[in-house]
Amino acid sequence: MLGCAAFGCRDTTEGVRTQFVGSYPFNATERRTIARIARDAAIEARRHLPSLASQITLRVTSGQDVVPEIGAAATATAPDWVQWTVDPQHPDGVVRIAERHLRGALFHEFHHLVRGNAVALATLMDHVVAEGLATAFERDAAGVSRPWAEYPEHAGQWLDQLLAQPEDANRAHWLMQHPDGRRWVGMKAGTYVADRAMRALGRSAAELATVPTSEILAAAR
1 MLGCAAFGCR DTTEGVRTQF VGSYPFNATE RRTIARIARD AAIEARRHLP
51 SLASQITLRV TSGQDVVPEI GAAATATAPD WVQWTVDPQH PDGVVRIAER
101 HLRGALFHEF HHLVRGNAVA LATLMDHVVA EGLATAFERD AAGVSRPWAE
151 YPEHAGQWLD QLLAQPEDAN RAHWLMQHPD GRRWVGMKAG TYVADRAMRA
201 LGRSAAELAT VPTSEILAAA R
């Protein structure tokens, strides 16, 4: 087990190659649970995102750089790589966190993979729109709603504020935690944009995965 934790264990199932890395010794139950959820999520998500890579690597590691309310966090790197970080010290424990949150997180990151393969993500607004579409996809296709999907009535004002920022504005401040105390400004405004664009165009978040940022913003405005 120690060698597995130190050098990485691999569990390959249809469509997903799951790797467990880092110092935390994921036990057999944790590994099976995560691999099963990842396999099922990939099969389900591909029904909506047929261009999703045929083989995805899911890298699972432990850490405390996570969303505190959830106990986990995820990132994606196109074309086919997702990292899921889980905090084993969280009161819910690894298995419960995986059962409650991994499927939705993977839907979100799978949408990012598809979009990242088709649309350049260079500016703040590229990331705002990408996060909004992925959040809407997670909500609509996976049935999972996150706190950053719940935008306020004045989300249009937040959008105007984001549009006024330079292209190289600090993404962490706007997407995650702003110095003024607001959380997920860009994520919430992005979901607002996604919802308006979907209504205007009559298309789902999955169908808009490869549409350029400028077209999404134009439809939302």
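Sequential numbering from 1 applies to the sequence shown in my numbering.
By construction, the Cβ of each residue, glycine as well, lies at the ideal position given by its N, Cα and C atoms.
As the structure is a computational prediction, the values presented were derived from the model and not from experiment.
- In chain order, Leu162, Leu163, Glu167, Thr213 and Leu217 place their CB closer than 8 Å to the CB of methionine 125, counting only its own chain and leaving out the 5 sequence neighbours on each side.
- The beta-bridge partner set that DSSP reports for phenylalanine 137 is empty.
- The secondary-structure analysis by DSSP pairs threonine 75 across a beta bridge with Gln83.
- Using a Cβ distance threshold of 8 Å, threonine 191 and alanine 219 do not count as a contacting pair.
- Distance from the CA atom of leucine 113 to the CA atom of threonine 61, rounded to whole angstroms, is 19 Å.
- Using a Cβ-Cβ distance cut-off of 8 Å, the stretch 164–183 and the stretch 134–143 are not in contact, since fewer than three pairs of beta carbons, one from each stretch, lie closer than that value.
- Per DSSP, isoleucine 70 lies in no alpha helix (DSSP H) segment and is marked neither H nor E.
- Excluding five sequence positions before and after glutamine 83, the CB atoms of its chain that fall closer than 6 Å to its own CB belong to Arg59 and Thr75, given in chain order.
- The alpha-carbon separation between glutamine 55 and alanine 194 amounts to approximately 28 Å.
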